[in-house]
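Notes follow the structure.
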Amino acid sequence: MAEATAPKSYSLDAVKKPLKRARVNRPSKLRTSITPGTVLIILAGRDKGKRVVFLKQLESGLLLVTGPFKVNRVPLRRVNQRYVIATSTKVDVSGSDVAKFDDSYFAGEQKKEKKSEGEFFETEKKEKKVVSQARKDDQAAVDDKILAAVASEPLLKEYLSARFSLTSGDKPHRMQF
């Protein structure tokens, strides 16, 4: 019985292609301590240490939060729930309409065409990002209802505007938020 020998060349069609698997976006489960109106402490990023108000969870699993902007300069933004601490403080956000905010609202603009070599080395002309008037109106519409609820509670405005920080003797695992 003769053994089968390998062919000297293989056809290109014989190469197996990997199967395409459909990616399914499974948003993370929302922590039970986070409900609409909960005051959260942001742990990372440009707003770390600031207290914000949770509005809703987006389809991607990220949290939609706001400062309000007039209180602590935090705009409407998305935050991963791994980077927040939920506090026991609540704010009434039932009057604010956040149905129109989704992940596509926060998608960045498409990049422009590539620069030529001369434009690439010109670093003097840096364009500043300008916030559109529509974004400002959306921020004001959401914040108006929240600011009314914040004003009704004593010391809540000062609490939201104060930054959270730890000192050398603090034990965060023993703290009650």
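Its first residue numbered -1, the sequence shown is counted upward by one per residue in our numbering.
We treat Cβ as the ideally placed atom computed from N, Cα and C, and that holds for glycine.
As assigned by DSSP and simplified to three states, the class of residue i
i: Gly49; result: Before going further, note that residue 49 is Arg rather than Gly in the sequence given. DSSP places Arg49 in strand when its eight states are reduced to three.
i: Arg19; result: coil
i: Gln79; result: helix
Identity of the residue in the options nearest residue i by Cα
i: Pro73; options: Ile40, Thr165, Ser166, Glu125; result: Ile40
i: Ile83; options: Ser31, Asp45, Ser26, Glu57; result: Ser31
i: Asp142; options: Thr36, Lys127, Val96; result: Val96
i: Thr165; options: Gly47, Lys54, Arg76, Gln79; result: Gly47
i: Ala147; options: Val69, Asp135, Leu17, Asp136; result: Val69
i: Leu38; options: Phe99, Gly106, Thr87; result: Thr87
i: Ile78; options: Gly43, Lys15, Pro34; result: As written in the sequence, residue 78 is Asn, which differs from the Ile given in the question. Nearest of Gly43, Lys15, Pro34 to Asn78, Cα basis: Gly43.
i: Val51; options: Ser163, Arg172, Val140, His171; result: Val140
i: Leu145; options: Phe99, Ala105, Val91, Asp100; result: Val91
i: Ala105; options: Arg75, Phe162, Thr85; result: Arg75
Assigned exposure category for residue i - 16 Cβ within 10 Å defines buried
i: Arg49; result: buried
i: Ser94; result: buried
i: Asp168; result: exposed
i: Gln174; result: exposed
i: Asp45; result: buried
i: Gly65; result: buried
i: Gln131; result: exposed
i: Leu158; result: buried
i: Val129; result: exposed
i: Leu153; result: exposed
i: Leu62; result: buried
i: Thr3; result: exposed
i: Leu53; result: buried
Exercise. Curious, which full-length alpha helix (DSSP H) runs of at least 4 residues does the segment 118 to 164 contain?
Worked result: 131 to 150, 154 to 159
For this session: May I have a chain-ordered list of the alpha helix (DSSP H) segments no shorter than 4 residues that lie completely inside the segment 59 to 104?
Result: 67 to 70
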